[in-house]
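Visitor: Numbering-wise (the working numbering), the sequence shown opens with residue 12 and increments by one. Here a beta-carbon is modelled for each residue, glycine too, at the ideal position from N, C-alpha and C. Here the structure is a predicted model, which means the values were calculated and not measured. Below: one structure in structure tokens.
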Amino acid sequence: MQDIGRESAKDNDLFFTCSLIDYIARVTKNRRKDVVNALHKENISKIYELADVYHSDNIDRVSEDFIQEAKIPLGTFDNVKECKYSIPSHWDIGKVYKRLIKAVAEYEKIDVIDALIEVYNSFLSDKIDDYNSSMYYENPSYLLECYLEKKVI
Numbered sequence: 012m013q014d015i016g017r018e019s020a021k022d023n024d025l026f027f028t029c030s031l032i033d034y035i036a037r038v039t040k041n042r043r044k045d046v047v048n049a050l051h052k053e054n055i056s057k058i059y060e061l062a063d064v065y066h067s068d069n070i071d072r073v074s075e076d077f078i079q080e081a082k083i084p085l086g087t088f089d090n091v092k093e094c095k096y097s098i099p100s101h102w103d104i105g106k107v108y109k110r111l112i113k114a115v116a117e118y119e120k121i122d123v124i125d126a127l128i129e130v131y132n133s134f135l136s137d138k139i140d141d142y143n144s145s146m147y148y149e150n151p152s153y154l155l156e157c158y159l160e161k162k163v164i
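Printed below as a string of structure tokens:
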């Protein structure tokens with residue numbers, strides 16, 4: 012039985028997976044979709060399935076292991092440096108993506124990992140990752156509608 016007010020273990024695993032993707036993107040200065048595509052579905056599934064183990068480990072070590080395994084190169088995308096306002100943490104952004112991915116998976120009736128790959132490869136990912144815009148702190152239902160309409164509405 013789930014405690015009232017607590018999210019499910021799988022929701023928490025998705026949150027960690029998204030937060031780790033953001034962390035890796037910040038460390039390697041890559042767009043989030045580039046990190047997702049470099050990790051491939053196999054590694055993303057591994058992170059998701061073992062999130063409770065990885066979450067209790069040092070995030071620097073975990074991210075470095077996946078950076079090396081997926082051979083993620085150093086890029087030039089630095090949305091943290093470009094941010095003119097308060098910088099959201101990788102945990103903040105992980106929560107945004109978790110909610111959107113979960114909503115997309117439920118709406119499209121697809122596996123959460125397939126939804127994750129779709130969301131990060133959508134136009135909306137670049138909008139969320141522009142920390143000078145308001146997109147990353149928009150209402151989750153608004154983000155879902157934008158995703159479904161394939162444009163900012």
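With 16 other CB atoms within 10 Å as the buried threshold, where does G105 fall?
Guide: Walking along the sequence shown from the start, residue 105 turns up at place 94. Answer is buried; the Cβ neighbour count reaches 16.
Visitor: With a Cβ-Cβ cutoff of 8 angstroms, do Y108 and V130 count as a contact?
Guide: As a position in the sequence shown, residue 108 is number 97, starting the count at 1. As a position in the sequence shown, residue 130 is number 119, starting the count at 1. Their beta carbons are under 8 angstroms apart, which means Y108 touches V130 by this criterion.
Visitor: Is D122 helix, strand or coil by DSSP?
Guide: By one-based count along the sequence shown, residue 122 stands at place 111. Here D122 sits in coil by DSSP.
Visitor: Residues in its own chain within less than 7 angstroms of F134 by CB, not counting five upstream and five downstream?
Guide: Counting from 1 along the sequence shown, the entry for residue 134 is found at position 123. Answer for F134: K161, listed in chain order.
Visitor: Give the straight-line distance between the Cα atoms of E117 and E156, rounded to the nearest whole angstrom.
Guide: The sequence position of residue 117 within the sequence shown is 106, counting from 1. The sequence position of residue 156 within the sequence shown is 145, counting from 1. C-alpha separation (whole angstroms): 13 angstroms.
Visitor: Could you pull out every residue in the same chain whose Cβ sits closer than 8 angstroms to the Cβ of N150, ignoring the five residues on either side in sequence?
Guide: Position 139 of the sequence shown holds residue 150. Closer than 8 angstroms at Cβ, skipping near neighbours: no residue.
Visitor: I want to know whether the region 16 to 32 touches the region 47 to 66 - three or more CB-CB distances under 8 angstroms.
Guide: Yes: the two stretches touch, three or more of their Cβ pairs being nearer than 8 angstroms.
Visitor: Would Q13 be called buried (16 or more neighbouring beta carbons within 10 Å of its own) or exposed?
Guide: Counting from one through the sequence shown, the residue named residue 13 turns up at place 2. Low local confidence applies: a pLDDT of 48 at Q13 is under 50, so the model's placement there is unreliable, and no value is given.
Visitor: What number of angstroms, rounded off, separates the C-alpha of S19 from the C-alpha of L111?
Guide: The residue given as residue 19 occupies position 8 in the sequence shown. The residue given as residue 111 occupies position 100 in the sequence shown. Computed Cα separation, rounded: 16 angstroms.
Visitor: Can you say whether P84 is buried or exposed, counting buried as having 16 or more other CB atoms within 10 angstroms of its CB?
Guide: Within the sequence shown, residue 84 is the residue found at index 73, counting from 1. P84 should be labelled exposed.
Visitor: Counting C-beta neighbours from all protein chains within 10 Å, is the total for R72 16 or more, i.e. buried, or is it exposed?
Guide: For the purposes of this step, residue 72 is identified with residue 61 of the sequence shown, where counting begins at 1. Exposed: under 16 other Cβ atoms inside 10 Å.
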